[in-house]
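Input: a single structure, listed below in structure tokens.
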Amino acid sequence: MEKMEKKNLEVIDFSAYSNNIPLFENINFSLNTGEIMVLYGPRGSSKSALLRSFARLNEEVYNDIRYVGSVNICGKDLFEYDVKDLRSKVLYIDTNFFEALDYLTFGEFLELATDEELLSFDSYLSILDDFGILKSLPNGFETRLSSFYVLEKILTLLFVSYLKNSQIVILDCILDHLDDDHLQVVSKILKQNVVSNEKSLIIATRFFKRFLPLSDLLISMKNGKIEFEGKPKDYTIVR
Numbered sequence: 001m002e003k004m005e006k007k008n009l010e011v012i013d014f015s016a017y018s019n020n021i022p023l024f025e026n027i028n029f030s031l032n033t034g035e036i037m038v039l040y041g042p043r044g045s046s047k048s049a050l051l052r053s054f055a056r057l058n059e060e061v062y063n064d065i066r067y068v069g070s071v072n073i074c075g076k077d078l079f080e081y082d083v084k085d086l087r088s089k090v091l092y093i094d095t096n097f098f099e100a101l102d103y104l105t106f107g108e109f110l111e112l113a114t115d116e117e118l119l120s121f122d123s124y125l126s127i128l129d130d131f132g133i134l135k136s137l138p139n140g141f142e143t144r145l146s147s148f149y150v151l152e153k154i155l156t157l158l159f160v161s162y163l164k165n166s167q168i169v170i171l172d173c174i175l176d177h178l179d180d181d182h183l184q185v186v187s188k189i190l191k192q193n194v195v196s197n198e199k200s201l202i203i204a205t206r207f208f209k210r211f212l213p214l215s216d217l218l219i220s221m222k223n224g225k226i227e228f229e230g231k232p233k234d235y236t237i238v239r
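According to UniProt numbering, the stretch in the sequence shown is residues 1 to 239, in order.
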């Protein structure tokens, strides 16, 4: 008997409107535990609006937002969650975090992001080393994040995703800022430390070819609609 795959995210005929203007329409896909989805689209494709909806963040961007269709997060309707509980399940990270980090120390950011009291710095040494951050923390928790380069900031955000133990981690175009060598470093960490039997990962990008080796599911969006949904190898054939 085959083991049933567990869905962390199921999207059915999902559309969103702001002031009755469509942001995205008729979105359908599902994402299983342990899978990586790459969401490709140019600027203006509404991929960010779609991804923000899974953490109920569009309400903070648009004055008027209305949804049609359904989204199930870990088997429960998106809109049945308390927002705080939902955002413990779904971690959404975009490039706005880069600037926000500059005002905090490493310890301050971890406490804010996880909403938990930190253990001793020594308790994190091994996992910080696994995420490639340890060497960038000469002052431990007191290290200011303004001294970090983009790669180190991204690794810090991935470390937070590990600590929060969210079931769905969404990286909205933050990996587009890496060169090829640094992307290889991050890809290895994603596979080893972020994606698991319980977690799923969504990577949004404007440069799909760089992320094909990581992808179990590829979705291409344009003008708020899905152009392609399926295996990466099939997308290259279609194009």
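Each residue gets a CB set at the ideal place from its N, CA and C atoms; glycine is no exception. Predicted model, so just to flag it, every value in this text is computed and none were measured.
Local conformation of residue i per DSSP, three classes
i, result
"VAL38", "strand"
"residue 303", "Outside the displayed span of the chain (1 to 239) sits residue 303, for which this structure offers no information."
"LEU51", "helix"
"LEU218", "strand"
"ILE127", "helix"
"MET1", "Interpretation of MET1 is limited by its pLDDT of 38, a score under 50 that renders its predicted location unreliable; no figure is taken from the coordinates."
"THR147", "A quick correction: the sequence has Ser, not Thr, at residue 147. DSSP places SER147 in helix when its eight states are reduced to three."
"PRO22", "strand"
"ILE12", "strand"
"ASN139", "coil"
"LEU57", "coil"
"ILE154", "helix"
"LYS6", "coil"
"LYS225", "strand"
"GLY230", "strand"
"TYR17", "strand"
"TYR235", "helix"
Selected residue, minimal CA-CA separation from residue i, among the options
i, options, result
"LEU178", "CYS74, THR95, PRO138", "THR95"
"ASP115", "TYR103, ASP85, THR143", "ASP85"
"ILE127", "PHE159, GLY140, THR105", "PHE159"
"LYS231", "LYS222, LEU112, PRO213", "PRO213"
"LEU31", "ILE170, LYS222, LEU190", "ILE170"
"SER48", "LYS222, GLU198, LYS233", "LYS222"
"LYS233", "GLU227, GLY44, LEU218", "LEU218"
"SER53", "GLY41, GLY140, ALA204, LEU78", "LEU78"
"GLY132", "PHE121, LYS188, ASN197, PHE14", "LYS188"
"TYR67", "ASP13, PRO42, SER215", "ASP13"
"LYS209", "PHE106, ASP180, LEU104", "ASP180"
"ARG206", "SER46, GLU117, PHE148", "SER46"
"SER146", "GLU117, LEU119, GLY107", "GLY107"
"GLU229", "LYS191, LEU39, GLU25", "LEU39"
"ARG144", "GLU111, SER166, LEU112, TYR103", "TYR103"
"SER166", "GLY140, VAL195, PHE148", "VAL195"
Cβ-Cβ separation, residue j to residue i (assumed contact under 8 Å), whole Å
i, j, result
"TYR62", "SER18", "4 Å"
"ASN193", "ASP129", "Contact doesn't hold; Cβ gap of about 11 Å is too wide."
"LYS89", "ILE168", "6 Å"
"ILE93", "LEU157", "5 Å"
"LEU50", "ILE27", "6 Å"
"SER220", "GLY41", "7 Å"
"GLU80", "THR105", "About 37 Å; that fails the 8 Å criterion."
"LEU101", "SER161", "14 Å between Cβ atoms; not a contact."
_4 or more residues per run - each alpha helix (DSSP H) lying fully within the region 65 to 124_ = 83 to 89, 96 to 101, 106 to 114
*the region 6 to 15 touching the region 62 to 81, judged by at least three CB pairs closer than 8 Å*: With the rule of 3 Cβ pairs closer than 8 Å, the region 6 to 15 counts as touching the region 62 to 81.
*Would you say the region 50 to 65 touches the region 29 to 37, given that touching needs at least three Cβ pairs under 8 Å?*
no
*Could I get the ranges of all uninterrupted beta strand (DSSP E) runs contained in the region 160 to 212, with 3 residues as the minimum, in chain order?*
Whole beta strand (DSSP E) segments, 3+ residues: 168 to 172, 200 to 205.
_Can you confirm whether the region 152 to 166 touches the region 127 to 143 when touching is taken to mean that 3 or more C-beta pairs between the two stretches lie within less than 8 Å?_
yes
*Below 8 Å, can you find three or more Cβ-Cβ pairs linking the region 162 to 174 to the region 92 to 112?*
yes
_Does the structure place the region 180 to 188 close enough to the region 20 to 29 that three or more beta carbon pairs sit under 8 Å?_
When Cβ pairs closer than 8 Å are counted between the two stretches, the region 20 to 29 is seen not to touch the region 180 to 188, the count staying below three.
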